[in-house]
Amino acid sequence: MSRKWKRTLLAWTLLAPLVVLILFPFAVMTITALKPQAEVLNPTWWPSELRLRNFADMWVATNFGQALMNSLYASGIATVGAILVSIPAAYAMSRFRFAGRGLVRQFLLVSQMLSPIVLVVGLFRLMASLGLVESVSAVGLVYMAFNIAFTVWMLQSYFDTVPKDLEEAAWMEGAGRAETLRRVFLPLVTPAIAVTAIFTFINAWNEFVIALTLLRRQESYTLPIQVFSLVAGRYTVEWHHVMGATLVATLPVAILFAWLQRYLVRGLALGAVK
Amino acid sequence: MPSRARFLPYVLLLPSLILAAGVIFWPVGDLLEIATHNVNRFGQLRDYNDFANFKALIADPNFTAALIRTVVWTVAVVGGTILISVPVAMILNEDFYGRDVARVIVMLPWAVSLTMTAIVWRWALNGESGMLNSALRGLGIIDANVQWLATAGLAFPMQIGIGILVTIPFTTTIFLGGLSSIPQDLYEASALEGAGRWQQFRHITLPLLKPFLNIAMVLNTIYVFNSFPIIWVMTQGGPANSTDILVTHLYKLGFRIGKLGEASAVSVVMLAILLVFTILYVRLAMREEAR
Chain R
-17 MSRKWKRTLL
-7 AWTLLAPLVV
3 LILFPFAVMT
13 ITALKPQAEV
23 LNPTWWPSEL
33 RLRNFADMWV
43 ATNFGQALMN
53 SLYASGIATV
63 GAILVSIPAA
73 YAMSRFRFAG
83 RGLVRQFLLV
93 SQMLSPIVLV
103 VGLFRLMASL
113 GLVESVSAVG
123 LVYMAFNIAF
133 TVWMLQSYFD
143 TVPKDLEEAA
153 WMEGAGRAET
163 LRRVFLPLVT
173 PAIAVTAIFT
183 FINAWNEFVI
193 ALTLLRRQES
203 YTLPIQVFSL
213 VAGRYTVEWH
223 HVMGATLVAT
233 LPVAILFAWL
243 QRYLVRGLAL
253 GAVK
Chain W
97 MPSRARFLPY
107 VLLLPSLILA
117 AGVIFWPVGD
127 LLEIATHNVN
137 RFGQLRDYND
147 FANFKALIAD
157 PNFTAALIRT
167 VVWTVAVVGG
177 TILISVPVAM
187 ILNEDFYGRD
197 VARVIVMLPW
207 AVSLTMTAIV
217 WRWALNGESG
227 MLNSALRGLG
237 IIDANVQWLA
247 TAGLAFPMQI
257 GIGILVTIPF
267 TTTIFLGGLS
277 SIPQDLYEAS
287 ALEGAGRWQQ
297 FRHITLPLLK
307 PFLNIAMVLN
317 TIYVFNSFPI
327 IWVMTQGGPA
337 NSTDILVTHL
347 YKLGFRIGKL
357 GEASAVSVVM
367 LAILLVFTIL
377 YVRLAMREEA
387 R
């Protein structure tokens, strides 16, 4: 047996317990979602048949469509808003040396540390005083604010990697700052903006506490709250519907995340070394 | 530089700073105010109350228990995660067949929201028909169903385990970054001098990984300390408050019992603890930056 094969065997043996633990909930989710209702509460692993119709039933029974729209809407507002205000901020942090720059960076670090749960009473009072409880848009706005530190940090670390010479060359040619920005700088950083936007979207998509606190009526629930409400404080839980909903709500985002994960790591790492 | 450009960076930064300050720092001020004043059930402020809310907290055994449990929770999850993530990152840093697949699998829990993970585990750990019980019975490990989440002494360790599982991806990522920054010739040179694997780990890997260990420790401490969905979704602090940590206790005080003053006092205590860790983190980050 070659050395690499030995290493492979050893590596997978050592990783096996962790791999099993990680894949276990995915197996539970998928199998339960496909079980016929009568078998869900049976303690058997394999369903007698794969009931794909469960998903169609789940969609109606769990009011999935409405919650999906709310989630898309709140996450959309958060993403577009956070990116729009963060691009100029990150550009300023990357391209200018000004008094108070270090202070702004510290401000961003600190605001990233303050999680919604610690501020939840104050946030609720703020939104209540503005009459914005039950407003999905307001939830989007709060997500936007809590993501700004992350987006500015990520964008700045990517902006820093774009050489200044390119812009300076354009200035030499007589282009103004605005034109240079539009024709030279922005096209170069579009991929970075896209990646940052996707992660902001995922962050907002997965958020729990703010939505749980600010949204009290079922019509305004986002997906995590909707699925949670099917489980919490009920005597009978339709687990095959719950697992189906979890699967549909999770899978697209999880694939996106797994695919783009290395960019997140690189962006955060760039930010940390800079 | 033309004078117009002097103000430009501030103008560019303004919208983001206003938004972040308005939504994040206004509530901080508000919390400080409610925590130190009398508040009625409808949230109207009365007069300054001489730290009555904080005194009430200290007198409340549920708060003290939640505080201690938060320490256990944070230390166990962060410690367990780091102990597992160092070897996992070292394995994933080796060259073996299927490494890319292994990396994707290890990163998977990061890709799923904590709420959804907790909901799936709540079902998997269900005492009557949960699939963990059926799997363990099928393997002959247990004879009778275990009430994982309904037993006071069992629910919390299970939640700690799940906390560790979802914290591993981020931590492993940090360590992988650290390992790839260690020059390979250090190992080759030490091997020539006759150093064994363990000695290499003790004298090369661990010291050079130390800044990354520090960052992982501080960042994870902050995240885990603040973590709400796992416990709230799985047990809501039950059975009989036996899994309450500060965040769930705070949420119950504020939104179940309606004691806004005491809930804010919990927030203020948490902010004070977080401040210490944040200062620690800013220092570490700035030290890295200065290099």
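Those sequence lines, one after another, are chains R and W. Quick note on our numbering: the first sequence kicks off at -17 and runs consecutively. Quick note on our numbering: the second sequence kicks off at 97 and runs consecutively. Backbone N, C-alpha and C fix where the C-beta goes; we use that ideal spot for every residue, glycine too. If you're wondering where the values come from, they're calculated on a predicted model, not measured in any experiment.
Minimum Cβ-Cβ distance from residue 261 of chain R to chain W less than 9 Å: Beyond the ends of chain R as shown, which are -17 and 256, falls residue 261 of chain R; an answer cannot be given.
Within-9 Å CB hit, residue 33 of chain R to chain W: For the purposes of this step, residue 33 of chain R is identified with residue 51 of the first sequence, where counting begins at 1. By the rule that beta-carbons nearer than 9 Å mark a contact, residue 33 of chain R does not touch chain W.
Residue(s) in a DSSP beta bridge with residue 144 of chain W: Within the second sequence, the letter at position 48 stands for residue 144 of chain W. BP columns for residue 144 of chain W point to W/133.
Own chain, CB closer than 7 Å to residue 341 of chain W, minus 5 neighbours either side, in chain order: Within the second sequence, the letter at position 245 stands for residue 341 of chain W. These residues qualify, in order along the chain: 162, 165, 166, 169, 327.
Whole-number beta carbon distance between residue 264 of chain W and residue 331 of chain W, since they are thought to touch under 8 Å: Along the second sequence, read from residue 1 onward, the residue named residue 331 of chain W stands at position 235. Along the second sequence, read from residue 1 onward, the residue named residue 264 of chain W stands at position 168. Taking 8 Å as the upper bound for CB-CB distance, residue 331 of chain W and residue 264 of chain W are not in contact here, some 22 Å apart.
Beta carbon proximity, residue 215 of chain W to chain R, threshold 9 Å: The residue given as residue 215 of chain W occupies position 119 in the second sequence. Chain R has a Cβ within less than 9 Å of the Cβ of residue 215 of chain W.
Residue burial classification, residue 107 of chain W (beta-carbon count within 10 angstroms, cutoff 16): Counting from one through the second sequence, the residue named residue 107 of chain W turns up at place 11. Burial call: exposed.
Distance between residue 32 of chain R and residue 376 of chain W (C-alpha atoms, nearest Å): As a working mapping, residue 376 of chain W is identified with position 280 in the second sequence. As a working mapping, residue 32 of chain R is identified with position 50 in the first sequence. One C-alpha to the other measures close to 53 Å.
Residue from W/272, W/334, W/291 whose Cα sits closest to the Cα of residue 305 of chain W: Stepping through the second sequence from its first residue, residue 305 of chain W is reached at position 209. For residue 305 of chain W, the nearest C-alpha among the options comes from W/272.
Chain W within 9 Å of residue 114 of chain R, Cβ atoms only: Stepping through the first sequence from its first residue, residue 114 of chain R is reached at position 132. Not closer than 9 Å to any Cβ of chain W, the Cβ of residue 114 of chain R fails to qualify, so no.
Residue 179 of chain W at chain R interface by Cβ criterion, 9 Å: Here residue 179 of chain W corresponds to residue number 83 of the second sequence, with the count starting at 1. So no, residue 179 of chain W is outside the interface.
Rounded straight-line distance, which links the Cα of residue 337 of chain W to that of residue 368 of chain W: What you label residue 368 of chain W is simply residue 272 of the second sequence in a count that begins at 1. What you label residue 337 of chain W is simply residue 241 of the second sequence in a count that begins at 1. Roughly 24 Å separates the two Cα atoms.
Cα-Cα separation, residue 149 of chain W to residue 370 of chain W: In the second sequence, counting from the first residue as 1, residue 149 of chain W sits at position 53. In the second sequence, counting from the first residue as 1, residue 370 of chain W sits at position 274. C-alpha separation (whole angstroms): 20 Å.
Distance between beta carbons of residue 203 of chain W and residue 275 of chain W, contact taken as under 8 Å: For the purposes of this step, residue 275 of chain W is identified with residue 179 of the second sequence, where counting begins at 1. For the purposes of this step, residue 203 of chain W is identified with residue 107 of the second sequence, where counting begins at 1. Your pair residue 275 of chain W and residue 203 of chain W does not check out as a contact, with CB atoms roughly 16 Å apart and the cut at 8 Å.
Residue 109 of chain W: CB within 8 Å of a non-hydrogen atom of the ligand ZN: Summarising the ligand content, the structure contains no ligands, and the ligand ZN is consequently not present.
Extent of the continuous alpha helix (DSSP H) run through residue 150 of chain R: To locate residue 150 of chain R, count along the first sequence from 1; it is residue 168. Bounds of the alpha helix (DSSP H) holding residue 150 of chain R are 146 to 154.
DSSP-derived helix/strand/coil call for residue 126 of chain W: Against the second sequence, residue 126 of chain W aligns to sequence position 30. Assignment of residue 126 of chain W by DSSP, reduced to helix, strand and coil, places it in the helix class.
Within-9 Å CB hit, residue 254 of chain W to chain R: In the second sequence, the residue the question calls residue 254 of chain W occupies position 158. At a cut-off of 9 Å between C-beta atoms, residue 254 of chain W does not count as an interface residue with respect to chain R.
Collapsed DSSP secondary structure at residue 208 of chain W in the structure displayed: The sequence position of residue 208 of chain W within the second sequence is 112, counting from 1. Looking at residue 208 of chain W - three-state DSSP - the assignment turns out to be coil, as it is neither helix nor strand.
For residue 138 of chain R, three-class secondary structure by DSSP: Taking the first sequence and counting its residues from 1, one reaches residue 138 of chain R at position 156. In this structure, residue 138 of chain R counts as helix in the three-state DSSP scheme.
Interface residues of chain R facing residue 115 of chain W [CB-CB closer than 9 Å]: Translated into the one-based positions of the second sequence, residue 115 of chain W becomes position 19. Within 9 Å Cβ-Cβ: 63, 64, 67, 123, 126, 127, 130.
Cβ shell of residue 19 of chain R (< 7 Å), same chain only, five flanking positions each side left out: One-based indexing of the first sequence puts residue 19 of chain R at position 37. 222, listed in sequence order.
Stretch-stretch touch, CB-based, cutoff 8 Å, three pairs: the region 101 to 121 of chain W with the region 68 to 82 of chain R: The region 101 to 121 of chain W vs the region 68 to 82 of chain R: in contact.
Separation of residue 171 of chain R from residue 156 of chain R, as counted between CA atoms: Start at 1 with the first residue of the first sequence, and residue 156 of chain R comes out as number 174. Start at 1 with the first residue of the first sequence, and residue 171 of chain R comes out as number 189. Taking the straight line joining both Cα atoms gives about 22 Å.
Distance, residue 116 of chain W Cα to residue 109 of chain R Cα: Numbered from 1 along the first sequence, position 127 holds the residue referred to as residue 109 of chain R. Numbered from 1 along the second sequence, position 20 holds the residue referred to as residue 116 of chain W. Distance between residue 109 of chain R and residue 116 of chain W, taken at the CA atoms: about 15 Å.
Simplified DSSP assignment, three categories, for residue 289 of chain R: Because chain R spans -17 through 256 in this model, residue 289 of chain R falls outside it and cannot be assessed.
Given 8 Å, three or more beta-carbon pairs between the region 122 to 135 of chain R and the region 86 to 100 of chain R: Below 8 Å, enough C-beta pairs join the region 122 to 135 of chain R and the region 86 to 100 of chain R to call them touching: three or more.
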